[in-house]
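Protein chains in written order, with this note's numbering: chain R, 1081 to 1390; chain P, 5 to 441.
The beta carbon of each residue, even a glycine, is placed where N, CA and C say it ideally should be.
Quick caveat: nothing in here was measured; it's all calculated off a predicted structure.
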Amino acid sequence: MNSRWTRKDLVGLRELSAEEITLVLETADAFKQVGTREVKKVPALQGKTLINLFIEPSTRTRTSFELAAKRLSADIVNISAATSSLTKGETLKDTAKVLEANHADIIVLRHSSAGAAHFLATRVRASVINAGDGAHEHPTQGLLDLYTIREKKGTFAGLQVAIIGDILFSRVARSNIFALLKMGARVTLVGPSTLVPREFEQLGAKVSHEVDEVLPTADVVNLLRIQHERQRKEYFPGISEYIRFFGLTKERAKLLKPDCLIMHPGPINRGVEIDSELADGAQSVIFDQVTNGLAVRMAVLYLCAGIATP
Amino acid sequence: MTTLIRNGRIIDPANKRDEIADILISDGKIVSAGSEVREQRSEIEEIDASNLIVSPGLIDIHVHFREPGFGWKETIESGARAAAAGGFTTVVCMPNTSPVADSPSTIAWIKDRAAEVAGIHVLPTGAISKNLAGEELAPIGSLAQAGVVAITDDGRCIQNNELMRRAVEYARMFDLPVLDHCQDYNLVGNGVVHEGYWSTLLGLPGWPGAAEEAMVARNILLAELCDHRIHCQHISAAGSVRLLREARARGVKISGEVCPHHIALTDAAIENFDTNFKMNPPLRAQRDIDALLDGIADGTLEILASDHAPHAKFEKEVEFDAAPFGIIGLETELGLFLDLLVHRHKTIGLPRLIEMLTVNPARLLGLEGGTLSFGTPADITLIDPDLEWTVNAETFESTSRNTPFDGWKLKGRAVRTIVGGKTVWASADSLRTKHAS
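This is the structure we're talking about:
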């Protein structure tokens, strides 16, 4: 199954080919069925040790990786920022060396610095899976988004995908842009000009600040979480103005094609980037994404662990 | 002691000399080659400079020798050796040490230490503001008396325009030039690279050239207001060059310097998150490089410097945004400038290059040296402009290894560095000289 997979690590989707992305998605198909069985466990990673190294807080992604690893029968340890030696001044490099000295086979890293996964991957023999590095990439989120689109739409060719929200600071957006374009979809980024700068056009995406023009043509809308009070104060005037210009309200949702998918990587700000009822509506695949995330992460762990040399 | 440097191409821009001739050194000073010293002395050391350039000792007005306080990165001793190996006979140290060079006692310590361990001239600058905090003036007059050659808050930039105005006005009284690391902190934000295509692609926080340009514009206005010299350090952005060009044409006492990395590399180099490409100001875009080259060609930018900024491997080998800014540069500086400006881009010729590395910085800071005038101390650099060599960081004299240029093939470098008539560094090949008796 993994004859075409040659990577020890999954750092980003920018470096993957369309064939490699397809291979992950096909591998995930097989693992998705495991989740529907009475016994949700396969012995694929029996005897392997996986460390969830989460330097930046996360519940959803960490839980998904933990469940994925357990279903593959790996042994798993969770390390969070609060409990790691990094708070005592240990460098990321030394932390990684310690984990390696403890015979870790796979390190799943969540970190607030762009490039942290690349940094680690080039310094340890273990597989490094990027679970989000700063505003750089979140490859398994990108893959699960693609998996969900493929599951519902069957193909990527010619699909119009609109990603709406805080693009500048979003690793989810970047992973989606890189992978979707490779798979033949077209990507339009929508949001305030401060959070969707024109430089993104150089990545091959379209940039728009007119959400009402984009929605009628979209086959998929992927809504990203908006954070205002905490860190983005100078980027736009406030939540109510955001909703006025970019929020997916019920009124705006009428512009959507009936079969347009509504996606969100979570956690959702109900009533901000998306109307609460829409999040639970017929077009929403938000919770399919979560389920698919498990299968995709099982596939990624399985493929990368098969390459790493102990 | 008498030394004869024979048959070299003497390039001495201050004296408008460019000719094949001999240079005679007696008792540490340059004397007329035809003078009687030659006959009187029985023992003359001869240095064959055939096919070499005989230049005034090179001057770098922007280095960080990390003492006091950060000796594991670089000491005055190791920094001076690195400078000598790069062809430099005079360097000017920035004040961001620990303690900060904002008091006469720290300046005295640096000068004593340099006199003790450095084979070249290591000259201190003083801070503009106490502890580089940008809040109140350092004792600028006392620093001047203690022997600083300029004041600067390099590494930081005074954001308060009123404080900067008073600093420039006050420094004028002591004829001390003010050097400024131009950056507007609000525009820099938490940036670690140039804002553009690569920051967008990699998700690294960037800052635009405008953050530098805003402060260059501020400095132009203050230099005019105070009628005193402000020198803008390590210019990286196209707009800064345009602003400087316009102001200098009007006779404003403003100048700018260029570092090798800002013309050798674009921000594309950060693709693999290698922290040896992280410096402040950051590597920018090709259009910025083009503007810097234009500025060098037309004289808008008249000084070349390294911003030699040593950091230990353990400090640099961390996440990109956590790593300190800066790279070492003294041992690659001349090679890069020769290779890029003279050979590859043909931006300027050798005489102009040497002017930008000798008499121009000497004039800016009022330093002795920078010329081969008779009677001046024999600080001389012998340069082989066509020697092809490969950068090997492992052989560096610097304590640190944080260079992005390891493995680069360059054309041209210094082969011998002479301070006060004494060879303080020579390449292995050039040491095979005749010692006539």
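Within the same chain, Cβ atoms closer than 7 Å to the Cβ of MET1263/R are found at ALA1098, ILE1101, LEU1226, PHE1236, the five residues on either side in sequence being excluded. Non-local C-beta neighbours of LYS317/P in its own chain, meaning closer than 7 Å and more than five positions away in sequence, comprise ARG405, ordered along the chain.
Spatial neighbours of PRO355/P in its own chain (CB-CB distance under 8 Å, excluding positions within 5 residues in sequence) are listed in chain order as ILE15, PRO17, ASP22.
Apart from sequence neighbours up to five positions away, the residues of its chain that approach ALA1201/R with a beta-carbon distance below 7 Å are ASP1089, VAL1091, VAL1208, ordered along the chain. Put simply, the CB of GLY1214/R is near chain P, with a gap under 8 Å to one of its CB atoms.
The Cβ atoms of VAL182/P and THR156/P lie closer than 8 Å to each other. Contacts with chain P (Cβ-Cβ distance below 9 Å) from the region 1183–1197 of chain R involve HIS1191, SER1192, SER1193, ALA1194, GLY1195, ALA1196, listed in chain order. Only those residues of the region 1273–1303 of chain R whose C-beta falls short of 9 Å from the nearest C-beta of chain P are listed: PRO1277, GLU1279, PHE1280, GLN1282, LEU1283. Annotated three-state conformation of VAL1352/R is coil, per DSSP.
Taking the CA atoms as reference points, VAL419/P sits about 12 Å from ILE51/P.
Restricting attention to LEU1105/R, TRP1085/R, THR1086/R, ILE1159/R, the CA atom closest to the CA of THR1220/R is found in LEU1105/R. Between LEU1269/R and GLU1281/R, the alpha-carbon positions lie close to 9 Å from each other. Secondary structure at SER1364/R: strand, using DSSP grouped into helix, strand and coil.
Apart from sequence neighbours up to five positions away, the residues of its chain that approach VAL256/P with a beta-carbon distance below 8 Å are ILE224, ALA227, GLU228, ordered along the chain. With respect to the 8 Å criterion, HIS68/P and PRO314/P are classified as neighbours on the basis of their beta carbons. With respect to the C-alpha of LEU1152/R, the residue from LYS1112/R, ILE1348/R, GLU1136/R having the closest C-alpha is LYS1112/R.
Per DSSP, reduced to three states, the secondary structure at GLN237/P is coil, with no helix or strand assignment. Taking a C-beta distance under 8 Å as the contact criterion, HIS1308/R and ARG1254/R do not qualify as a contact pair. In the DSSP secondary-structure assignment, HIS1191/R is bridged to ASP1213/R. Using a 10 angstroms sphere on the CB of GLN187/P, the tally of other CB atoms reaches 16 or more, which defines it as buried. With respect to the 8 Å criterion, LEU1172/R and ALA1196/R are classified as neighbours on the basis of their beta carbons. Residue contact check for GLY299/P against chain R: no CB pair falls below 8 Å. Straight-line spacing of the CA atoms in ILE1243/R and VAL1252/R works out to 10 Å.
DSSP places ASP294/P inside the alpha helix (DSSP H), whose first and last residues are 290–301. Here ASP1360/R is exposed. Its C-beta has fewer than 16 other C-beta atoms within 10 Å. Taking LEU1336/R as the centre and dropping the five residues before and after it, the same chain places the C-beta of LEU1295 closer than 6 Å to its C-beta, in chain order.
Chain-ordered, the chain P residues with CB closer than 8 Å to the CB of LYS1173/R read GLU321, VAL322.
ASP184/P is positioned such that its CB atom lies no closer than 8 Å to that of MET98/P. Pairing LEU247/P with ALA214/P gives a Cβ-Cβ distance that is not under 8 Å. Among the residues facing chain P, PHE1199/R is included, as its CB has a counterpart in that chain under 8 Å away.
The bridge partners DSSP lists for MET1343/R are ASN1302/R. Counting along the chain, the unbroken beta strand (DSSP E) around ARG10/P starts and ends at 6–16.
Contact residues of the region 1246–1271 of chain R toward chain P are ARG1251, ARG1254 (C-beta to C-beta distance below 7 Å). Residue contact with chain R for LEU205/P: present (Cβ-Cβ distance below 8 Å to some residue of chain R). Here the region 319–333 of chain P makes contact with the region 268–283 of chain P; the two share three or more CB pairs at distances below 8 Å. For LEU208/P, the residues of chain R that pass the 8 Å Cβ criterion are ALA1194, GLY1195, GLY1214, ALA1215, HIS1216, in the order they occur in the chain.
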